[in-house]
Ligand code: FES
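Residue numbers (this note's numbering): 2 to 118.
Here you go:
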C-alpha cells in the first residue's frame, strides 16, 4: 500500500490574496518537495504555479521556496512522511502561488531598457 503525505501549499497572488491548500501525494522514499509539487500539478491541480528548470541538478536556483519556514530549493529538499508546508519566498514579490520575482533588480527588463544618462 502506498503511503500518502500531505503538502500544505500557499496559493494565490498579491492581488487576490493567498490561501493554503492541502494536497495528499503518494510518498516515495527519497522524493523531493519538487517531485511532490510536480505530482500535484500532473494529477491534482494543473494550475499550480511553480518555477523550476534543472529538476535535480541544483544548478538553476529557480525552485527557491520556503519549506517548513526555511528557504531552500524544492528540488533538493527531501520530503518525509510528516509532510511539508510550502510557501513562496517571503522576501520577494509574489507572482502567483510559489512563483516569486527572483531576478535581481538590475536584471529586470525595465532596468535594462531605462534611458542612460
Ligand atoms: S530546479 Fe534547478 S535548482 Fe532546483
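The beta carbon of each residue, even a glycine, is placed where N, CA and C say it ideally should be.
So the alpha helix (DSSP H) residue i belongs to, where does it begin and stop?
| i | result |
| --- | --- |
| residue 25 | Where residue 25 is concerned, there is no enclosing alpha helix (DSSP H), although the beta strand (DSSP E) it sits in stretches over 18-27. |
| residue 12 | Premise fails: residue 12 lies in the beta strand (DSSP E), 5-14, not in any alpha helix (DSSP H). |
Hey, would you say the C-beta of residue i is under 7 angstroms away from at least one heavy atom of ligand 1?
| i | result |
| --- | --- |
| residue 60 | yes |
| residue 63 | yes |
| residue 111 | no |
| residue 99 | no |
| residue 75 | yes |
| residue 56 | yes |
For residue i, which residues in the same chain have their Cβ closer than 6 angstroms to its Cβ, ignoring the five residues on either side in sequence?
| i | result |
| --- | --- |
| residue 61 | 54, 55 |
| residue 23 | 7, 9 |
| residue 97 | 14, 50 |
Tell whether a beta-carbon distance below 8 angstroms holds between residue i and residue j.
| i | j | result |
| --- | --- | --- |
| residue 66 | residue 58 | no |
| residue 11 | residue 99 | yes |
| residue 86 | residue 4 | no |
| residue 26 | residue 43 | no |
Could you pull out every residue in the same chain whose Cβ sits closer than 7 angstroms to the Cβ of residue i, ignoring the five residues on either side in sequence?
| i | result |
| --- | --- |
| residue 32 | 80 |
Can you give me the Cβ contacts of residue i inside the same chain, cut-off strictly under 8 angstroms, excluding the 5 residues immediately before and after it?
| i | result |
| --- | --- |
| residue 77 | 33, 57, 59 |
For the beta strand (DSSP E) that residue i lies in, which residues bound it at each end?
| i | result |
| --- | --- |
| residue 45 | Run containing residue 45: none; DSSP gives neither H nor E here. |
| residue 53 | That residue, residue 53, is in no beta strand (DSSP E); it is neither H nor E in DSSP. |
| residue 97 | 95-97 |
| residue 33 | It is not in any beta strand (DSSP E) - residue 33 carries neither H nor E in the DSSP assignment. |
| residue 63 | Counting along the chain, residue 63 falls outside any beta strand (DSSP E), and DSSP gives it neither H nor E. |
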